[in-house]
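Under this note's numbering, read the sequence shown as residues 1263 to 1653, first letter to last.
Here a beta-carbon is modelled for each residue, glycine too, at the ideal position from N, C-alpha and C.
Quick caveat: nothing in here was measured; it's all calculated off a predicted structure.
Some notes on the structure that comes next.
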Amino acid sequence: MVTRAERGPVADWFWTIDRLFLAVFTLLIGLGFMLSFAASPPVAERLGLDSFHFVKRHAVFLVPTLVTMLGVSFLSPRQVRRAALLILGISIAAMIAALFFGVEVKGSRRWISVAGVSLQPSEFMKPAFVIICAWLFSEHSRHPEIPGNLFAIILFIIVAALLVAQPDLGQTMLTAAIWGGMFFMAGMSWFWIMLLGAVAITGFISAYFVFPHVADRINGFLQKGGDTFQVDTAREAIIRGDWLGRGPGEGTIKRILPDSHTDFVFSVAAEEFGILFCMVLTVLFAFIVIRGLSKAGALQDDFSRLAVSGLALLIGFQSFINIGVNLQLLPAKGMTLPMISYGGSSMIAVALTAGFLLALTRHSPEHRLRRGGRRRALPASGVPAAGQAHG
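Structural data, given as structure tokens:
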């Protein structure tokens, strides 16, 4: 057992980490592994693979996921910035490479193959992008002569252009929402709010006319026509599950749901474990967002405040989009449920997000020592020692 009197990296980490955050992240990762047993066997069987092919791969990815989350949580804010800058640079380079040499899946080039393993660079880009934008916004706030806001705008344009080129409109909208939220919290003027709002609306309308698959999904959502097989099947799975579910392994709709282990794992959870279980999942994601924003509000450092807010919004917006699609509240788009859906890139990238969030919400060592000093000021009996009675 680690005591408060001990010194060292592990002891400091143990007493300064937000243990509620750590518990919720670990619980969600565990629930994701549990749901892989329910959601992935039908997909593997349709592909002619062993029934537990994706379960085994999910288990393999659990180790790097946990190591990434815990390892990154040891970093200081300065080390977080440096790591994010390195990850962002590599991710952008890999996204460019994916456009020319990447693996094409369903008309999109989002993946690259490294040593036989497929990686989606945009997943790793997102948390690093949040950190670097938070740093640019905070630097502009501290030193107005530094064009941090302008650099953040240029960085967003580069990232958005690469995402649109893949194309990945879902990730583009997610990134834009997070970036806009951070820019707003950084104190943007009404001029910028109006201008960027107009740009966002223009971009959304342009996507409708430029990309046929976007128009098909929006038309299908509004008019209930076209190819809506997946979302209709997902809704049927939720309805079949009712409040308490049909029981582990008893789901039947999941057997005809193509992406049951990734984009529509929430519907599989509803069919087998019930709507009440899905409500618990939703509460856990809401807890991350609310606690993250609450922690951010108490931070004095602009960088940490903006970064924690952005990371919490990243997890919140992504889970909101995924659940909204499953409930037919939003048009269909490829978006995984953080820490729950199958996918190595997604799992490790979300672990990176969680690790950054844990690192930036840790108490400072000075704060820990002050708390420890106040605790040691009185002996166990609660009576001041002889030399401490009157200072």
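According to the DSSP secondary-structure assignment, Arg1553 is paired through a beta bridge with no residue. In the DSSP assignment, Ser1370 falls within the unbroken beta strand (DSSP E) covering Ser1370 to Val1376. A distance below 7 Å between beta-carbons, with the five flanking residues on each side excluded, links Thr1434 to the following residues of its chain, in chain order: Ala1422, Leu1425 and Val1426.
Scanning Gly1333, Leu1555 and Met1601 for the CA closest to the CA of Met1447 turns up Leu1555. DSSP places Glu1407 outside both helix and strand once states are collapsed to three, so it counts as coil. Linking Pro1429 to Lys1368 through their CA atoms gives a straight-line distance of about 10 Å. Per DSSP, Ser1338 is not a residue of any beta strand (DSSP E), being assigned neither H nor E. The Cβ neighbour count for Ile1467, taken over all protein chains shown within 10 Å, is under 16; the residue is labelled exposed. In terms of Cβ geometry, Ile1550 and Ile1577 form a close pair [threshold 9 Å]. Around the beta-carbon of Lys1557, 16 or more other beta-carbon atoms lie within 10 Å, marking it buried.
The stretch 1611-1628 makes contact with the stretch 1557-1577; the number of CB pairs closer than 8 Å reaches 3 or more. In the assembly as shown, Thr1330 is a buried residue. Its beta-carbon has 16 or more other beta-carbons within 10 Å.
Scanning Gly1605, Ala1499, Met1444 and Leu1436 for the CA closest to the CA of Ser1581 turns up Leu1436. The way I'd put it, the stretch 1449-1465 doesn't touch the stretch 1375-1391; fewer than three beta-carbon pairs between them come closer than 8 Å.
The stretch 1526-1538 makes contact with the stretch 1291-1309; the number of CB pairs closer than 8 Å reaches 3 or more. With 16 or more other CB atoms across the displayed protein chains lying within 10 angstroms of its CB, Arg1624 is buried. With fewer than 16 other CB atoms across the displayed protein chains lying within 10 angstroms of its CB, Arg1344 is exposed.
DSSP links Glu1366 through a beta bridge to Arg1371.
In the DSSP assignment, Ser1380 falls outside any alpha helix (DSSP H) and within the unbroken beta strand (DSSP E) covering Val1379 to Leu1381. Residue burial is scored here from C-beta neighbours: Asp1312 has fewer than 16 other C-beta atoms within 10 angstroms and is therefore classed as exposed. Remark: three or more beta-carbon pairs, one from each stretch, lie closer than 8 Å, so the stretch 1584-1593 and the stretch 1482-1501 are flagged as touching.
Excluding five sequence positions before and after Ala1611, the CB atoms of its chain that fall closer than 6 Å to its own CB belong to Glu1385 and Phe1386, given in chain order.
Distances from the CA of Phe1473 to each of Ala1355, Trp1373, Ile1352 and Leu1431 were compared; the closest alpha carbon is that of Leu1431.
The C-alpha of Ser1451 is placed about 21 Å away from the C-alpha of Asp1563. Using a Cβ distance threshold of 9 Å, Ser1607 and Gln1382 count as a contacting pair. A residue is called buried once 16 or more other Cβ atoms fall within 10 Å of its Cβ, and Gly1292, having fewer, is exposed. Annotated three-state conformation of Ala1448 is coil, per DSSP. Counting the other CB atoms within 10 Å of its CB gives Phe1399 a total of 16 or more, which places it among the buried residues. When the beta-carbon positions are compared, Arg1497 and Thr1514 stay at least 9 Å from each other.
Across the set Glu1534, Leu1282, Val1379 and Ala1360, the C-alpha of Ala1360 shows the shortest separation from the C-alpha of Arg1371. One alpha carbon belongs to Ser1403, the other to Gly1559, and they sit about 16 Å apart. Within 10 angstroms of the beta-carbon of Ala1346 lie 16 or more other beta-carbons, which makes it buried. Excluding five sequence positions before and after Ile1440, the CB atoms of its chain that fall closer than 7 Å to its own CB belong to Val1392, Gly1572, Leu1575, Leu1576 and Phe1579, given in chain order. Within the stretch 1570-1601, no complete alpha helix (DSSP H) segment of 4 residues or longer occurs.
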